[in-house]
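Undergrad:
There are 2 protein chains.
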Amino acid sequence: MQDLSGGYPGGHPRSPGTVGELGEFGLIRELTSRLTTTPAVRIGPGDDAAVIAAPDRRIVASTDILLEGRHFRRDWSTAYDVGRKAAAQNCADIAAMGAVPTALLLGLVVPAELPANWPTELMDGIRDEAQVASAAVVGGDVARGDTITVSITALGDMRNQDPVTRAGARPGDTVAVTGWLGWSAAGHAVLSRGFRSPRAFVEAHRRPEPPYHAGPAAAALGATAMTDVSDGLIADLGHIAESSKVRIDVRSGALDVPAQMSDIGQAVGVDPLHWVLTGGEDHAIVATFPPQQKLPARWRKIGEVLAPSALPQVTVDGAPWDKAGGWDHFGDQDED
Amino acid sequence: MQDLSGGYPGGHPRSPGTVGELGEFGLIRELTSRLTTTPAVRIGPGDDAAVIAAPDRRIVASTDILLEGRHFRRDWSTAYDVGRKAAAQNCADIAAMGAVPTALLLGLVVPAELPANWPTELMDGIRDEAQVASAAVVGGDVARGDTITVSITALGDMRNQDPVTRAGARPGDTVAVTGWLGWSAAGHAVLSRGFRSPRAFVEAHRRPEPPYHAGPAAAALGATAMTDVSDGLIADLGHIAESSKVRIDVRSGALDVPAQMSDIGQAVGVDPLHWVLTGGEDHAIVATFPPQQKLPARWRKIGEVLAPSALPQVTVDGAPWDKAGGWDHFGDQDED
Numbered sequence: 001m002q003d004l005s006g007g008y009p010g011g012h013p014r015s016p017g018t019v020g021e022l023g024e025f026g027l028i029r030e031l032t033s034r035l036t037t038t039p040a041v042r043i044g045p046g047d048d049a050a051v052i053a054a055p056d057r058r059i060v061a062s063t064d065i066l067l068e069g070r071h072f073r074r075d076w077s078t079a080y081d082v083g084r085k086a087a088a089q090n091c092a093d094i095a096a097m098g099a100v101p102t103a104l105l106l107g108l109v110v111p112a113e114l115p116a117n118w119p120t121e122l123m124d125g126i127r128d129e130a131q132v133a134s135a136a137v138v139g140g141d142v143a144r145g146d147t148i149t150v151s152i153t154a155l156g157d158m159r160n161q162d163p164v165t166r167a168g169a170r171p172g173d174t175v176a177v178t179g180w181l182g183w184s185a186a187g188h189a190v191l192s193r194g195f196r197s198p199r200a201f202v203e204a205h206r207r208p209e210p211p212y213h214a215g216p217a218a219a220a221l222g223a224t225a226m227t228d229v230s231d232g233l234i235a236d237l238g239h240i241a242e243s244s245k246v247r248i249d250v251r252s253g254a255l256d257v258p259a260q261m262s263d264i265g266q267a268v269g270v271d272p273l274h275w276v277l278t279g280g281e282d283h284a285i286v287a288t289f290p291p292q293q294k295l296p297a298r299w300r301k302i303g304e305v306l307a308p309s310a311l312p313q314v315t316v317d318g319a320p321w322d323k324a325g326g327w328d329h330f331g332d333q334d335e336d
Numbered sequence: 001m002q003d004l005s006g007g008y009p010g011g012h013p014r015s016p017g018t019v020g021e022l023g024e025f026g027l028i029r030e031l032t033s034r035l036t037t038t039p040a041v042r043i044g045p046g047d048d049a050a051v052i053a054a055p056d057r058r059i060v061a062s063t064d065i066l067l068e069g070r071h072f073r074r075d076w077s078t079a080y081d082v083g084r085k086a087a088a089q090n091c092a093d094i095a096a097m098g099a100v101p102t103a104l105l106l107g108l109v110v111p112a113e114l115p116a117n118w119p120t121e122l123m124d125g126i127r128d129e130a131q132v133a134s135a136a137v138v139g140g141d142v143a144r145g146d147t148i149t150v151s152i153t154a155l156g157d158m159r160n161q162d163p164v165t166r167a168g169a170r171p172g173d174t175v176a177v178t179g180w181l182g183w184s185a186a187g188h189a190v191l192s193r194g195f196r197s198p199r200a201f202v203e204a205h206r207r208p209e210p211p212y213h214a215g216p217a218a219a220a221l222g223a224t225a226m227t228d229v230s231d232g233l234i235a236d237l238g239h240i241a242e243s244s245k246v247r248i249d250v251r252s253g254a255l256d257v258p259a260q261m262s263d264i265g266q267a268v269g270v271d272p273l274h275w276v277l278t279g280g281e282d283h284a285i286v287a288t289f290p291p292q293q294k295l296p297a298r299w300r301k302i303g304e305v306l307a308p309s310a311l312p313q314v315t316v317d318g319a320p321w322d323k324a325g326g327w328d329h330f331g332d333q334d335e336d
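Those protein sequence lines, which keep their order, are chains X and S.
Position 305 of the first sequence, counting from 1, maps to 305 under full-length UniProt numbering, and the rest follow consecutively.
Position 184 of the second sequence, counting from 1, maps to 184 under full-length UniProt numbering, and the rest follow consecutively.
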C-alpha cells in the first residue's frame, strides 16, 4: 500500500470501496465533484465537450501519457503526487511555448479492483497543480483496464504573444535556465536505493515545481527558442539545437550543483553533474536570448549558441558529453 | 493476425519490424511523417505544444479513451478502422456541441512487440477521419505498455454560434435524430457470433460515419439541446432529460428499422428495435428543436419533450423501456 501521508493535504472524505464498486458513472461523479473552475471555463465537465475561453484566438495544446510502473510507482508516490506531477509536466509544455495554461482534460484508465480513493486523490492532485498553473480541469474520460494510465491534455492561451518554438536560436544567443535541474534524478537515485531522504530531493522527484510564469515572461523578453527540460538538459537542448540548426555549448561551471546533491552523488557513486545534465522531470525551462538581453531574475546563463560544426549539437565545456543523455521511453530499462 | 484487407486504402509503405525496434523517437517520426495539415494549424507536431487557430475566441474540447479488448478487438477491426473510429467518436462530441472540429491530439500506449505497421495504420485512420471532419492531428505522446490504449483529445471552433448543451430542452420541443442508429450494435451481434456479413452492418461497427456537419447546422437552426448517440439512444436522451429536467418520449414507429436489420434480429433472436434504442457507437446526433422549427433535410422526428412526471425520464410510446439501456464501461461484461 502506498504511503498516503507524504503529500496529501487531507480534508476530503475518502471514497469507500473499489473503482469497480463505484462504477463508471459513480467514479465520474466522484471525480468531477472535486473540481474547481476559473472564469475561462464556459462549460465544464458533464456535456459532450467543454468550452473554454481562447481570448488570443490561438490555442496551445499538448498531450502527455503516464503509466504505472513506467512513469510512476504507487509505492514511491501517492496518488495525489502522481496527479500533481502529471498536471505539472503538461502545464510546463504550455508554459515552454510562452503561453498561460487554461484547461486540462484527463483520460484515465484504472483497474476495477483499485481502491476508489486512488483516482479521487489523483484528481485532487491534478486540480491543485492546475490551479498553481492558473488552469482548471474541464473534462475527460475513464475506462477500466489493467494498468493505471493517466493521459492529460493541457490547453493554454498565448495572451497576444508569439509562441516561442525550439527553432529560433541563433549563433551568439545566450542559453539560460530557470527552475530546478537534476533534483528529480537525484531523488530517483535515493528512492531506487531504498532510502526516503534527503527529503528535498525525494519530494522533487515526487512533485516537480515548474516555473510556469517564467515561460510567458521569457517570451515577453524576446526569447528566441524555449523548451522545458523533461528528457534532460542535454537532450532537450539537443532538440533546440536540431530545430534551430545550431550547436549549443554548456558551461558546466555555470550549473548549480548543490552541496547536498554532491553528498548524495558521493554516497551512491554518481557524478552529480550527470543528474544536472541528463536528469529529466524537473521541468525547468531553458531558453535562448539575444546576446544583449538582460536576463530576468532567477534565470542563470549556462551557455552559448554557436554555429553548427563537426562536433555534436550539444557540447559541455566545448567537448562531447560522454555519457548517455536523456531517456528513450521504449528502451529496455524502466525509468522509474 | 488481423485482417488488413478490410478497409485500409494502402499506398503507404509498411514500417518494418516492431514498435520496440523503432524506438520512441523512431515511432514518433513514423507517425508524424504521415500527417497532413490545415490552415488552422499554426504549429504542428514536434515542439513542446501545438498552436491552433481559435477564431471564435472559445475552444471546444473533449477526450475519449479506447482500450484493446474493451473498446476494440484486433481480430475484428484493422488498425486503420480503429483509428477512424477513435477519431470519429471524438469529432462527434465536438459536432454535438454545434462546433466544427479543428485539431486532434493522440496519447498512444503500445506494447514493444507490436508490429510497427499497427500504430502507423492507426494514425492513417485517425488522420483520414480527422480530414472528413475538417480537422488535423497536431500532436501527442507515445509510451510503451501492455495494452494498446488510444486516448484522443479533439478541439473545435464554435464559429460564432452558441454551444448547444444537453440542458436546454423544453416541454413541447421536437426530438429529432440524424445519422445511423443500431447499425454498429447489429454489426457487433454479427461479429460476436463469428460471422463477417451482412457487410454493411459489420462495416458500420468497424467504422462509424457520424454526421459531423449536422451539429453546427442544428445549432444554427436553434436546437435547444443536442448530444451524440454514443451510449445508446435511450441512455443519451436520458442525459438530455436529466440535464434539462424534462421527460422525453420516443415513438418507436418513427424509428428506422431497415429490413436487413430485422433479418439479422430474427437470425440471432434479438428484437432489432433493441439495437436501435440501446446500441451505441454509431454516433448519430440527436437534438431537440422548438416545436415550430422545420427540421433540416435528413433529420427525422422521433419523439417529443414532455414535462417531468413519475415515469422514467425517457419512455418509449409512453411506457418505460423494459430492457437495460446503454453501457456501463465498468460493468463485468466486456462490450466488444
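Each residue gets a CB set at the ideal place from its N, CA and C atoms; glycine is no exception.
Nothing here was measured: the structure is a model prediction, and the numbers come from that model.
1) Quick one: grab the DSSP three-state call for Met97/X.
2) Using three-state DSSP, classify Pro45/X as helix, strand or coil.
3) When Cβ atoms are compared, which residues of the region 133 to 156 of chain S fall closer than 9 angstroms to chain X?
4) What whole-angstrom Cβ distance do Pro208/S and Ser192/S have, given they're in contact under 8 angstroms?
5) Taking DSSP as the reference, what is the three-state secondary structure of Ile148/S?
6) With respect to the alpha helix (DSSP H) encompassing Thr36/X, which residues constitute its N-terminal and C-terminal limits?
7) By the DSSP assignment, the alpha helix (DSSP H) with Ala235/S in it spans what residues?
8) Helix, strand or coil for Glu203/S per DSSP?
9) Which first and last residues belong to the beta strand (DSSP E) in which Arg300/X is found?
10) Counting only runs that start and end within the region 163 to 226 of chain X, where is the beta strand (DSSP E) found for 3 or more residues in a row?
11) Would you identify the three-state DSSP class for Asp81/S, choosing helix, strand or coil?
12) Please list, in chain order, the chain X residues whose beta carbon lies closer than 7 angstroms to that of Thr165/S.
13) The alpha helix (DSSP H) spanning Ser230/X covers which residue range?
14) Could you run through the region 61 to 83 of chain X and flag, in chain order, every residue whose CB is less than 8 angstroms away from some CB of chain S?
15) Here's the rule: buried if 16 or more other CB atoms are within 10 angstroms of the residue's CB, otherwise exposed. What is Asn160/S?
16) Pop quiz: residue 340/X and Leu106/X are said to be a contact at Cβ under 8 angstroms. What is the actual Cβ separation, rounded to whole angstroms?
17) Our contact map puts Val270/X next to Ala189/X with C-beta atoms below 8 angstroms; I'd like the distance itself, whole angstroms only.
18) Residues of the region 22 to 39 of chain S with a CB closer than 9 angstroms to any CB of chain X: list them in chain order, please.
19) If you draw a straight line from the C-alpha of Ser33/S to the C-alpha of Arg29/X, how long is it?
20) Do you know how far the Cα of Gly139/X is from the Cα of Pro296/X?
21) Give the single residue among Pro198/X, Asp64/X and Gly69/X whose Cα lies nearest to the Cα of Ala186/X.
22) Is the shortest distance between the beta-carbon of Gly232/X and the beta-carbons of chain S less than 8 angstroms?
23) Cα separation between Asp3/X and Ala204/X?
24) Per DSSP, Thr153/X forms a beta bridge with which residues?
25) Using 8 angstroms as the threshold, is the region 238 to 251 of chain S in touch with the region 311 to 320 of chain S, meaning 3 or more CB pairs across them?
26) Note down the Cα distance separating Arg58/X from Gly194/X, rounded to an integer number of angstroms.
27) Any C-beta of chain S sitting closer than 8 angstroms to the C-beta of Val109/X?
28) Measuring only between beta-carbons, confirm whether Ile126/S sits less than 8 angstroms from chain X.
29) Which residues of chain X have a Cβ atom closer than 8 angstroms to the Cβ of Ile240/S, listed in chain order?
30) Measuring straight from C-alpha to C-alpha, what distance separates Ser5/X and Ala87/X?
31) Could you check which residue in Gly179/S, Asp162/S and Val150/S has the C-alpha nearest to that of Val109/S?
32) If we ignore side chains and look at the alpha-carbon of each, how far apart do Pro119/X and Asp75/X end up?
33) Going along chain S in order, which residues have a C-beta closer than 8 angstroms to the C-beta of Ala50/X?
34) Run down chain S in chain order and give the residues with a C-beta less than 7 angstroms from the C-beta of Ile248/X.
35) Quick one: give me the first and last residue of the beta strand (DSSP E) that Arg247/S is part of.
36) So with Cβ pairs under 8 angstroms, would you call Gly17/S a contact of chain X?
TA: On the basis of the coordinates in this document:
1) DSSP places Met97/X in coil when its eight states are reduced to three.
2) It is coil, neither helix nor strand.
3) Val138, Gly139, Gly140, Asp141, Val142, Ala143, Arg144, Gly145, Asp146, Thr147, Thr149, Ser151, Ile152, Thr153, Ala154, Leu155 and Gly156
4) At roughly 17 angstroms, the Cβ-Cβ gap does not stay under 8 angstroms, so Pro208/S and Ser192/S are not in contact.
5) coil
6) No alpha helix (DSSP H) holds Thr36/X; DSSP gives it neither H nor E.
7) Leu233 to Ser244
8) helix
9) Arg300 to Leu306
10) 174 to 178
11) helix
12) By Cβ distance, chain X contributes Ile43 and Asp47.
13) Neither: Ser230/X is in no alpha helix (DSSP H) and is coded neither H nor E.
14) Of all residues in the region 61 to 83 of chain X, Ala61, Ser62, Thr63, Asp64, Ile65, Leu66, Leu67, Arg70 and His71 have a Cβ within less than 8 angstroms of some Cβ in chain S.
15) Its Cβ having fewer than 16 others within 10 Å, Asn160/S is exposed.
16) Look at the range of chain X in this structure, 1 to 336, and you will see that residue 340/X is not part of it.
17) 6 angstroms
18) Leu22, Gly23, Glu24, Phe25, Gly26 and Leu27
19) 40 angstroms
20) Roughly 36 angstroms separates the two Cα atoms.
21) Pro198/X
22) no
23) Legend: pLDDT at Asp3/X = 28, less than 50; position of this residue unreliable, no value from coordinates given.
24) Thr63/X and Leu105/X
25) Of all C-beta pairs linking the region 238 to 251 of chain S to the region 311 to 320 of chain S, three or more are shorter than 8 angstroms, placing the two stretches in contact.
26) 46 angstroms
27) yes
28) no
29) For a Cβ distance threshold of 8 angstroms, nothing in chain X lies close to Ile240/S: the least Cβ distance comes to about 10 angstroms.
30) For Ser5/X, the pLDDT reaches just 31, beneath the cut-off of 50, and the residue's location in the model is therefore unreliable, although a value from the coordinates is still provided. Cα to Cα, the separation comes out at about 20 angstroms.
31) Val150/S
32) 15 angstroms
33) Val60, Ala61 and Ser62
34) From the beta-carbon of Ile248/X, no residue of chain S is found nearer than 7 angstroms; the closest lies around 17 angstroms away.
35) Run containing Arg247/S: Arg247 to Val250, per the beta strand (DSSP E) assignment.
36) No, Gly17/S does not count as interfacial toward chain X.
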